[in-house]
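To start, the structure itself, in structure tokens.
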Amino acid sequence: MDPKIIAIEEKTLIGKSKRMSLDEDSTQELWKSFMPYRHSIPNRTDEMLYNIKVFDRGLDSENFSSSTTFVKWAAVEVDQFYPEEMSAMETHLLSGGIYAVFLHRGPASEFNQTLQYIFREWLPSSSYVLDDREHFERFTEDYRPADPEAVEEVWIPVQYRG
């Protein structure tokens with residue numbers, strides 16, 4: 003399960019956000035509030051959906067716990083944004099940089115196994131360390147979290163080990 007290493011430019015995203023933790027997970031509520039708007043967002047660059055996590059002080063895998071809070075976004079990428087067009091939405095500028103991109107195959111309920119592999123096996127033995135930028139997943143609009151055949155991209159911000 004080796005990742006692709008991909009460098010991206012910053013991206014303009016539009017969507018909705020909510021502060022939460024794994025203990026107080028309101029992901030379903032966030033996505034339910036966003037999905038009715040997705041087709042009315044102008045200037046989308048593609049059909050992908052972004053599930054973004056922004057940690058206050060970056061993600062420290064050593065000190066991360068289920069009570070660690072973060073801001074989660076349900077969003078899409080746009081090539082330009084006019085705030086007056088979408089007053090129910092917020093914008094987020096996704097940082098550019100190097101990402102290790104993994105594929106999670108299977109239901110969302112097994113996502114933790116993918117994260118365990120990334121942070122406990124791959125990252126410590128790789129040439130990379132975590133970078134203090136957003137973590138995100140990308141998936142298509144027909145993604146179904148309970149589907150055993152579901153596939154989502156897992157984007158982990160990294161930088162070369164110094």
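Numbering (my numbering), first residue to last: 3 to 164.
Glycine included, C-beta positions come from ideal geometry on N, C-alpha and C.
None of the values given here were measured: they were computed from a predicted structure.
Annotated three-state conformation of Tyr119 is helix, per DSSP.
Taking C-beta atoms as the reference points, Glu139 and Val153 fail to come closer than 7 Å. Counted as a single uninterrupted DSSP element, the stretch harbouring Trp33 is not any beta strand (DSSP E) but the alpha helix (DSSP H) occupying residues 29 to 36.
Lys6 counts as exposed, since fewer than 16 other C-beta atoms from the protein chains shown sit within 10 angstroms of its C-beta. Here Arg146 carries a coil assignment [DSSP, helix/strand/coil]. Note on geometry: alpha-carbon atoms of Phe121 and Phe113 lie some 13 Å from one another. Taking C-beta atoms as the reference points, Ser28 and Met37 fail to come closer than 7 Å. Beyond the five residues adjoining it in sequence on each side, Arg40 comes within less than 8 Å, by CB distance, of Leu51, Val78, Glu143 in the same chain, given in chain order.
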